[in-house]
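Numbering (the working numbering), first residue to last: 370 to 849. Yeah, the Cβ is synthetic: ideal placement off N, Cα and C, and Gly gets one too. The next block holds one structure in the form of structure tokens; read it before the comments.
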Amino acid sequence: MLDTNLFRIIYLTNAIFVQVVFTQKIAVAITGILIGWSILLMTKIFIMSGRFGDISYNKTIAVFIFCMLLTTAIRLFDFRVLNKIGWNILMVYHTIMCFLLFYGSHIESDFKKIKEEMFVLLKIFVYLPTFLSVLGVFIAIFSNQINMKNQAIGIKSHRLVGVYSNSNVLGFFCVLSIISSLILIRERKKMLKTHKTPTAWFLIVCIFFNSISLFLSDSNGALLFLIIYFISMFFCGIIRNNKTKKSKLKLIFLLLLCVTLVFVSLAVRGTIQNAFNITVKLLHFRNFSTTSAIEIGRGNYEITSGRNILLQQGFKLFKKFPVLGVGAKNLTEYAKIYLTDKLDCEDLHNGYLTILVSWGGMGFTVFAFFTCLMIICLCRTLFNRRDKNDYKIYSNIFSLVVAYAVYSLVEVTLLSSVSFRCAFFWTILGYAMCYVNEMDECSNGVVEKRNGMTIQWKRAVKLKSANVKRSQKAAKYLKS
370 MLDTNLFRII YLTNAIFVQV VFTQKIAVAI TGILIGWSIL LMTKIFIMSG
420 RFGDISYNKT IAVFIFCMLL TTAIRLFDFR VLNKIGWNIL MVYHTIMCFL
470 LFYGSHIESD FKKIKEEMFV LLKIFVYLPT FLSVLGVFIA IFSNQINMKN
520 QAIGIKSHRL VGVYSNSNVL GFFCVLSIIS SLILIRERKK MLKTHKTPTA
570 WFLIVCIFFN SISLFLSDSN GALLFLIIYF ISMFFCGIIR NNKTKKSKLK
620 LIFLLLLCVT LVFVSLAVRG TIQNAFNITV KLLHFRNFST TSAIEIGRGN
670 YEITSGRNIL LQQGFKLFKK FPVLGVGAKN LTEYAKIYLT DKLDCEDLHN
720 GYLTILVSWG GMGFTVFAFF TCLMIICLCR TLFNRRDKND YKIYSNIFSL
770 VVAYAVYSLV EVTLLSSVSF RCAFFWTILG YAMCYVNEMD ECSNGVVEKR
820 NGMTIQWKRA VKLKSANVKR SQKAAKYLKS
């Protein structure tokens, strides 16, 4: 019951099923049970054992949680949003859970267990989304669209949604599966010693099927996520091999790679969508008069998909509540009151803007400060620990965090949502901090926590070198 590794594995696996149409209700019920489990874990670890002070940057996190609680408490007295009280409390609790149980994984002493947990999750992220992606493509080919529980699966609005709630979720899980497969391929030789791993050919097949589903989903945000990941990995490679004078040329090549990846991915997406439409027609599963209903591809459309309007609406709400914000789940209610046009969605499709509007300038400033601390910490390790054995896997996690941070500009993926994506982000951030601490320990011998920040001491290294010198002198003395 007090196994946090098992909790994270079960919670994230169940959160995938929450996004699947025909398992949604059961998975939501299980989520309620898991939240009860999380209360037990947090009570034991952080209240009874007092481990909150061990979390990196705990004071900044505590101030941000205080800002959330203050905003939520003030909004409780606004009768216009009384119907959202329960949701607001749940959002605050889920955010605390993300900070403590997911990001807080780096305070756990057994690093081997963390690595095992991570590789188990990577395999789940390969197997499960790949199966669901293939299932969604088959439904799209054979049945066009199936209505289940007032939701369409297959094809919706000329985009592949598969068995998920919407096409953007499908695109995200396809990208997650592709990246997980690439990490397993890179780390396969190390993992074979301690873990059963899928074959490289199987992982390549998974990448192929998920790539097709990604392009058919027509998700710009998910495509951006994957492109930024590749660019960040290339950048990490430049840093690790930065022993020549060709670094400037490599950076120029990196910029060219950015532009090339964007245009190539868009061209490939259009080609695959056209090939899918032609294939369906040739298979004669439909009369030619009705094949237009199954075609994928939105043609000429506004590339931001209305996000520019949401951006303007978000800033209008922020001007009304600039200090403390409107709260996590009050966006639609206050939009009805203060905006001439209602919000088309329940969120602003921008993780950072959502934090700004939900928790105001005060909460956003604290979160921005925490973000700066994380950037400094992760980048310092990236630049200073290039010679460590775990640098490859760390560069993968680092690139995943960077890509996700950019992806959060177009989706609500950081906070204010009880969803897989929020829990996933704080999990990988926790893993990144685990590797930061581990590589610092390997370099400095001792890592001491003070005020939530990692202070590295080189005393242990000096003692070790002194012991080595003594042993060498002793060996010479014995020989003489």
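Checklist entry - How far does the alpha helix (DSSP H) with residue 492 in it reach, from first residue to last? => result 480 to 512
Item to check | Under 8 Å between C-beta atoms of residue 608 and residue 749 | outcome: no
Item to check | Straight-line Cα distance separating residue 622 from residue 697 | outcome: 42 Å
Item to check | Residue(s) in a DSSP beta bridge with residue 525 | outcome: 528
Item to check | Any 3 or more C-beta pairs closer than 8 Å across the region 627 to 645 and the region 584 to 595 | outcome: yes
Item to check | At least 3 beta-carbon pairs within less than 8 Å: the region 467 to 474 vs the region 406 to 417 | outcome: yes
Item to check | Where the alpha helix (DSSP H) through residue 774 begins and ends | outcome: 760 to 776
Next on the checklist: By the DSSP assignment, the alpha helix (DSSP H) with residue 387 in it spans what residues?
Outcome noted: 373 to 387
Item to check | Residue from 674, 633, 627, 802 whose Cα sits closest to the Cα of residue 590 | outcome: 674
Item to check | Whole-angstrom C-beta distance between residue 732 and residue 440, which should lie under 8 Å | outcome: 7 Å
Next on the checklist: My output table needs one value for residue 813: the three-state DSSP class, helix, strand or coil.
Outcome noted: At residue 813 the pLDDT is 48, less than 50, meaning the model places this residue with poor confidence and gives no usable figure here.
Item to check | At least three beta-carbon pairs within less than 8 Å, the region 710 to 718 to the region 675 to 688 | outcome: yes
Next on the checklist: On a Cα-Cα basis, can you pick out the residue from 552, 533, 538, 474 that is closest to residue 390?
Outcome noted: 533
Item to check | Reduced DSSP category for residue 535 - H, G, I as helix; E, B as strand; rest coil | outcome: coil
Item to check | N-terminal and C-terminal residue of the alpha helix (DSSP H) that residue 429 is part of | outcome: 427 to 444
Item to check | Proximity winner among 473, 504, 567, relative to residue 489 (alpha-carbon distances) | outcome: 567
Next on the checklist: Any contact between the region 594 to 603 and the region 764 to 775? By contact I mean 3 or more CB pairs, one from each, below 8 Å.
Outcome noted: yes
Checklist entry - Can you check whether the CB of residue 494 is closer than 8 Å to the CB of residue 850? => result One cannot answer for residue 850 here, as it falls past the ends of the chain, which runs 370 to 849.
Checklist entry - From what residue to what residue does the alpha helix (DSSP H) around residue 718 run? => result No alpha helix (DSSP H) contains residue 718, which DSSP labels as neither H nor E.
Checklist entry - By how many angstroms is the C-alpha of residue 745 removed from the C-alpha of residue 728? => result 24 Å
Next on the checklist: residue 778 and residue 721 - do their beta-carbons sit closer together than 8 Å?
Outcome noted: yes
Next on the checklist: Classify residue 427: buried if its beta carbon has 16 or more other beta carbons within 10 angstroms, exposed otherwise.
Outcome noted: buried
Next on the checklist: Closest to residue 433 by C-alpha separation, out of 764, 484, 737, 448, would be which residue?
Outcome noted: 737
Item to check | Cβ-based neighbour list, residue 456, same chain, cut-off 7 Å, excluding 5 preceding and 5 following | outcome: 698
Checklist entry - Should residue 796 and residue 381 be called a contact, given that it needs their Cβ atoms to be closer than 8 Å? => result yes
Checklist entry - Which residue comes first and which comes last in the alpha helix (DSSP H) that contains residue 685? => result 676 to 689
Checklist entry - If we count the other Cβ atoms within 10 Å of its Cβ and call it buried at 16 or more, is residue 832 buried or exposed? => result Here the model assigns residue 832 a pLDDT of 36, short of 50, so the residue's position is not dependable and the matter cannot be decided.
Checklist entry - Nearest-angstrom Cα distance between residue 520 and residue 530? => result 10 Å
Checklist entry - Going by Cα to Cα distance, which pick from 491, 578, 437 is closest to residue 507? => result 578
Item to check | residue 839 in three-state terms, based on DSSP | outcome: Interpretation of residue 839 is limited by its pLDDT of 46, a score under 50 that renders its predicted location unreliable; the figure taken from the coordinates is listed afterwards. Residue 839: helix per DSSP, three-state reduction.
Item to check | Among 799, 772, 377, 460, the one whose alpha carbon lies nearest that of residue 785 | outcome: 460
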